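What follows is a set of notes on a single structure, which appears directly below.
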Amino acid sequence: MNFKSSFGKTLKNEIGDLSENILNDQWKSQIQSTEPKSSGILDCGEIISGFLKQDEFGCAFEHLTYVISETETNLTTEQSNRIKQLNCKLNS
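Numbering (the working numbering), first residue to last: 23 to 114.
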């Protein structure tokens, strides 16, 4: 499925906005203090942004969920709902 033609920039913006919302400055300072051992954690924003620039929405979303899982990030109800909605869009 061609996500760009199906969802256009809207999906790209949704993933980008959600990433920025979750991986904010507070999250970054908490993560830096724990010295994560998994690759792709500290530079996750750049990785996700790179995927989005290449219209690799699924890869961007997968990396976001990987980072959330690996860092055991607690999400708000709104963030969890947005993750679920994006997952449905990407897997439809």
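Virtual Cβ for every residue (Gly too), placed ideally from N, Cα, C.
Model, not experiment: these values are computed from the prediction.
Using a Cβ-Cβ cutoff of less than 8 angstroms, which residues in the same chain neighbour residue i once the five nearest sequence positions on both sides are dropped?
i   : result
I37 : I70, L74, F79, A82, F83, L86 and L108
What did DSSP end up calling residue i once you bin it into helix, strand or coil?
i    : result
I37  : helix
L112 : helix
Might you give, ordered along the chain, the residues of its own chain that have their beta carbon closer than 7 angstroms to the beta carbon of residue i, omitting 5 neighbours on each side?
i   : result
C66 : L45, H85 and V89
What separation, rounded to the nearest whole angstrom, lies between the Cα atoms of residue i and residue j?
i    : j    : result
N175 : K50  : Lying before the first or after the last residue shown, residue 175 is absent from the chain, which here runs from 23 to 114.
E100 : C110 : 15 angstroms
P58  : L97  : 19 angstroms
T93  : L112 : 23 angstroms
L40  : S55  : 23 angstroms
Suppose the cutoff is 6 angstroms on Cβ atoms and the five residues either side in sequence are ignored; what does the same chain contact list for residue i look like?
i   : result
G62 : I69
Cβ of residue i less than 8 angstroms from any chain B Cβ?
i    : result
K111 : This model lacks chain B altogether, as it is built from one protein chain only.
Contiguous alpha helix (DSSP H) assignments of at least 4 residues, all confined to the stretch 56-110: Taking only runs of at least 4 residues, the alpha helix (DSSP H) segments lying wholly in the stretch 56-110 are 66-75 and 79-92.
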